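Heads up: the structure comes next, in structure tokens.
2 protein chains.
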Amino acid sequence: MHAITERPLAVHLLPALVTPEALAGGVVIMIDALRASVTISAALAAGAVRVVPTLTVEDAERLRGPGRLLGGERGGVLIPGFDLDNSPRAYTPERVRGKEIVFTTANGTAALLHARAAHEVLIGAVTNVSAIVARVAGEPRAAHILCAGTRGEITMDDCLAAGLIAERLVAAGRQVVSDDSARMCVGLAKLAAAHPGGLGAGVLGLMSESRGGRGLTRLGFEDDLRLCSTLDAVAVVPVFAGGAITCGRLS
Amino acid sequence: MHAITERPLAVHLLPALVTPEALAGGVVIMIDALRASVTISAALAAGAVRVVPTLTVEDAERLRGPGRLLGGERGGVLIPGFDLDNSPRAYTPERVRGKEIVFTTANGTAALLHARAAHEVLIGAVTNVSAIVARVAGEPRAAHILCAGTRGEITMDDCLAAGLIAERLVAAGRQVVSDDSARMCVGLAKLAAAHPGGLGAGVLGLMSESRGGRGLTRLGFEDDLRLCSTLDAVAVVPVFAGGAITCGRLS
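Residue numbers (this note's numbering), protein chains in the order written: chain A, 50 to 300; chain B, 50 to 300.
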């Protein structure tokens, strides 16, 4: 029997808590659980050719052109003059098939750029846990789960998604948790699983309680909150490379 | 009936995640759960007059003098030439009563200095949760729980202690959780409470699993790990003011 080498799995609760150099050469799973990770996944699942993330509204507007739609949000709502907001349910095949989406989301884009030296950058959420795990479980490189946070603050929704992915990666046998941030996120996943109503109810409960979840409820986006809290609801693996996000093959 | 104004309760998982200015005027509960918070508490409970924290070994050595003992650790063990290590069980009345303890612990001291603009700085741990809550519950100022971490890394042992304190402060009725970091720490406390063996077993389990807990086990300090994981085992409230830590009255 061949020895299976254990690979370190770290979770970074904010981009500021890890240097780009520490991510170099590894596989990074960027999480912006409410809602950018899910919206990007939904756009690709609905047939968008690619998603081009930009930090600012102005950067997005400069990329306006034929075959392109502008999406994203500021303050949780549609940016004036944009085609699409940050609601994954808005990215239907009718709207986005064959299109390129220029997408501006400050936290998620900054996190993606932070991971630019990584060997590979994937985008994860509650909605694609199994797909991410299937892709990363056999990975020989160090894995890093990078939570985007919100304006420099740690968010429980990102950390719960990180914990669900970390727990299953470890269960898959090759990755080993290498820091307490990962252990805490796995703790949140265990807390969700201990909910009397089951894991799904536990995940929805913690997501609703989170700062981002409260914000979505306040804005009337309860349906988005439910979708973003549903395990494996949008089972694609978005891959960020060369400035664009495309739909990853399941390896 | 008079309205009771709700007071914000924030948890900062590392000193680097909050500015000294943001702590100004508030009540800060600094946590270095394994083991400095407990060792300082134990020294005061055993009759030490005060504990003077220093960042470096050299700073501590400069304060050597009559009536003073030097304590602390580097790499978890006794510093050569020092009188006491960082084991709370070493701080017995026979050793420390009436003495001043010069104590060097890099993470805890840095966190205390970070909170220098606060109205009041208390030192918390699993071992004095009830005493801290009794003191802070009626507090009209904003409360901040400040986790020391270890060399810039978030530690689960600090976060669990933070969660146990935060959960009980909120239950006491006046404080309201103001950020997701606090919600996550409370989540760890709930996970501990959901342990089949009860809260005590749950706390010991998470503390043992933490990076600091693993380190203590490796060094043979299982008894310290158990003591530091025991709710209300050392029921004093250390107060940091004017460069020294003394035993706070229960207000």
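Glycine included, C-beta positions come from ideal geometry on N, C-alpha and C.
Note that the structure is predicted; figures quoted are calculated from it, not measured.
With residue i as the anchor, note down where its beta strand (DSSP E) starts and where it stops.
| i | result |
| --- | --- |
| residue 61 of chain A | 56 to 61 |
| residue 122 of chain A | Premise fails: residue 122 of chain A is in no beta strand (DSSP E) and is neither H nor E. |
| residue 99 of chain A | 99 to 103 |
| residue 149 of chain B | 149 to 153 |
Give me the DSSP bridge partner(s) of residue i.
| i | result |
| --- | --- |
| residue 142 of chain B | In the DSSP output, where bridge partners are listed per residue, residue 142 of chain B has none listed. |
| residue 78 of chain B | B/171 and B/194 |
| residue 226 of chain B | B/58 |
| residue 68 of chain B | The partner list for residue 68 of chain B (beta bridge, DSSP) is empty, contrary to what the question assumes. |
| residue 133 of chain A | A/120 |
| residue 199 of chain B | B/202 |
| residue 289 of chain A | A/170 and A/294 |
| residue 107 of chain A | Answer by DSSP bridge pairing: none, since residue 107 of chain A is not bridged. |
So, using beta-carbon positions, are residue i and residue j closer together than 8 Å?
| i | j | result |
| --- | --- | --- |
| residue 281 of chain B | residue 178 of chain B | yes |
| residue 176 of chain A | residue 257 of chain A | no |
| residue 232 of chain A | residue 56 of chain A | no |
| residue 100 of chain B | residue 92 of chain B | yes |
| residue 297 of chain B | residue 286 of chain B | yes |
| residue 269 of chain A | residue 214 of chain A | no |
| residue 200 of chain B | residue 156 of chain B | yes |
| residue 145 of chain B | residue 96 of chain B | yes |
| residue 288 of chain B | residue 171 of chain B | yes |
| residue 94 of chain A | residue 228 of chain A | no |
| residue 149 of chain A | residue 116 of chain A | yes |
| residue 70 of chain B | residue 166 of chain B | yes |
| residue 235 of chain A | residue 225 of chain A | no |
| residue 88 of chain B | residue 153 of chain B | no |
| residue 275 of chain A | residue 253 of chain A | yes |
| residue 273 of chain B | residue 86 of chain B | no |
Where residue i and residue j are concerned, what is the direct C-alpha to C-alpha distance, given to the nearest angstrom?
| i | j | result |
| --- | --- | --- |
| residue 212 of chain B | residue 237 of chain A | 13 Å |
| residue 299 of chain B | residue 279 of chain B | Note that residue 299 of chain B scores a pLDDT of 47, beneath 50, so its modelled location is shaky and nothing firm can be said. |
| residue 180 of chain B | residue 75 of chain B | 18 Å |
| residue 246 of chain A | residue 194 of chain B | 32 Å |
| residue 62 of chain A | residue 216 of chain A | 16 Å |
| residue 266 of chain A | residue 110 of chain A | 29 Å |
| residue 138 of chain A | residue 290 of chain B | 54 Å |
| residue 242 of chain A | residue 251 of chain A | 6 Å |
| residue 184 of chain A | residue 78 of chain A | 11 Å |
| residue 294 of chain A | residue 119 of chain A | 15 Å |
| residue 206 of chain A | residue 134 of chain B | 40 Å |
| residue 260 of chain A | residue 197 of chain A | 14 Å |
| residue 127 of chain A | residue 255 of chain A | 26 Å |
| residue 292 of chain A | residue 103 of chain A | 9 Å |
| residue 83 of chain B | residue 121 of chain A | 44 Å |
| residue 51 of chain B | residue 72 of chain A | Confidence at residue 51 of chain B is low in this model, with a pLDDT of 46, below 50, so the placement of that residue is unreliable and no value is reported for it. |
| residue 210 of chain B | residue 168 of chain B | 22 Å |
| residue 192 of chain B | residue 132 of chain A | 43 Å |
| residue 64 of chain B | residue 248 of chain A | 33 Å |
| residue 54 of chain A | residue 162 of chain B | 42 Å |
| residue 264 of chain A | residue 159 of chain A | 21 Å |
| residue 147 of chain B | residue 130 of chain B | 21 Å |
| residue 114 of chain A | residue 151 of chain A | 10 Å |
| residue 98 of chain A | residue 277 of chain A | 22 Å |
| residue 66 of chain B | residue 203 of chain A | 9 Å |
| residue 190 of chain B | residue 189 of chain A | 50 Å |
| residue 220 of chain B | residue 143 of chain A | 50 Å |
| residue 107 of chain A | residue 108 of chain B | 52 Å |
| residue 68 of chain B | residue 262 of chain B | 28 Å |
| residue 218 of chain A | residue 230 of chain A | 15 Å |
Please report the residue range of the alpha helix (DSSP H) in which residue i lies.
| i | result |
| --- | --- |
| residue 247 of chain A | Premise fails: residue 247 of chain A is in no alpha helix (DSSP H) and is neither H nor E. |
| residue 89 of chain B | 85 to 94 |
| residue 216 of chain B | 205 to 220 |
| residue 178 of chain B | 178 to 185 |
| residue 266 of chain B | 260 to 267 |
Does the ligand PLP have even one heavy atom less than 7 Å from the beta-carbon of residue i?
| i | result |
| --- | --- |
| residue 81 of chain B | This structure lacks the ligand PLP; in fact it carries no ligand of any kind. |
| Listed from N- to C-terminal order along the chain, which residues in the segment 240 to 256 of chain B have their beta-carbon within a distance smaller than 8 Å of any beta-carbon of chain E? | The structure shown contains no chain E; its protein chains are A and B.
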